[in-house]
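K.L.:
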Amino acid sequence: DLLDRTGQLEAENLFLRQQLQQYEDQEKHLADTVSQYRYMMAHVVGNTITQAENYITLDKGSLDGVVQDLGVADHNGVIGIVSRVSEHYSLVISVLNPKLRLSVMLKNTESFGSLVWDGADHRYAYLEDLPRSVKFELGDTIVTTGYTTSFPKNVLVGRVAESQDTGGSFLRLRVELFTDFNRINDVHVIINAKQEEQQALESESNQ
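Residue numbers 128 to 334, in the working numbering, belong to the letters of the sequence shown in order.
1. Fully enclosed by the segment 278–327, which beta strand (DSSP E) runs are 3 residues long or longer?
2. Cutting at 8 angstroms between CB atoms, please list the residues of its own chain near K321, excluding the five before and the five after it.
3. Since I believe D196 is in contact with I208 (beta carbons under 8 angstroms), could you give me their beta-carbon distance rounded to a whole number of angstroms?
4. Tell me the rounded alpha-carbon separation between I317 and L136.
5. Excluding the 5 residues preceding and the 5 following V194 in the sequence, name in chain order all residues of the same chain whose CB lies nearer than 8 angstroms to its CB.
6. Pull up the distance between the alpha-carbon of N203 and that of T306, whole angstroms please.
7. When the Cα atoms are used, what is the spatial distance from S230 to L141?
8. Using C-beta distances below 7 angstroms, list every residue in its chain close to R165, excluding the 5 sequence neighbours before and after it, in chain order.
9. Please go through the same chain and pick out, in chain order, the residues whose beta-carbon is closer than 6 angstroms to the beta-carbon of E329, but skip the five residues on each side of it.
10. I'd like to check one pair, T268 with F278: are the Cβ atoms closer than 9 angstroms?
11. Quick one: what's got a C-beta closer than 7 angstroms to G266's C-beta in the same chain, skipping five residues either side?
12. Would DSSP call R250 helix, strand or coil?
13. Using a 10 Å radius around the Cβ and a threshold of 16 neighbouring Cβ atoms, would you call S221 buried or exposed?
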């Protein structure tokens, strides 16, 4: 009985050590993620929502540390990505611009696709290239994937409003955007400390 009890205690200790290691790894990953990104407040000084291609102008530029390809969001969700920068201003390609294809996913399943605007309603965009086998429900939350240097994982985007059958191998979901682009004022520019390193590595692989 004593040997059995000793063996049981050793097994329990091994399990607890494994659990502790998992928690420590998770905490380290979270700390790394937090230290990788910082958020700069900026004010919107220009914004369009009715053009075929919409842009947003911010009152922060290169002298403030803003560079191309940084993500921009407000307290509700994703706004767009910095496309051009001057000393005191930056131009953001809005989610309401068909030229922007944003890597997003269903939060519950982490199945991913591309978010794109169809040029119609400023309240909605579409999640495309989602495999037909993916399970989802109306109202499910859409977030960023973290697969680009512009946004960390799980920045809010919107909710599934409708499914459209395109007849192919992929689904097309209509997404109600969390951000009201008709009422944006203060935003956060998301500065990624590891942006240059990742972009340099990825550009080498494409040569």
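We treat Cβ as the ideally placed atom computed from N, Cα and C, and that holds for glycine.
All values derive from a computational prediction rather than experimental measurement.
P.N.:
Walking through what the data contain:
1. Segments of the beta strand (DSSP E) lying fully in the segment 278–327: 283–292, 297–304, 313–319.
2. If we look at K321 and ignore the five residues flanking it on each side, its Cβ neighbours are Q163, T276.
3. Rounded, the Cβ-Cβ distance is 6 angstroms, consistent with contact.
4. So the alpha carbons of these two residues sit roughly 48 angstroms apart.
5. If we look at V194 and ignore the five residues flanking it on each side, its Cβ neighbours are V209, V212, Q322.
6. The C-alpha of N203 lies about 5 angstroms from the C-alpha of T306.
7. In this model, S230 and L141 are separated by some 40 angstroms (Cα to Cα).
8. If the five residues before and after R165 are omitted, its C-beta is found closer than 7 angstroms to the C-beta atoms of I318, all from its own chain and listed in chain order.
9. So the list is empty, once near-sequence residues are dropped.
10. No; because the gap between Cβ atoms is not below 9 angstroms, this pair is not in contact.
11. Within the same chain, G266 has close Cβ partners R286, V287.
12. It is coil, neither helix nor strand.
13. Under this definition S221 is a buried residue.
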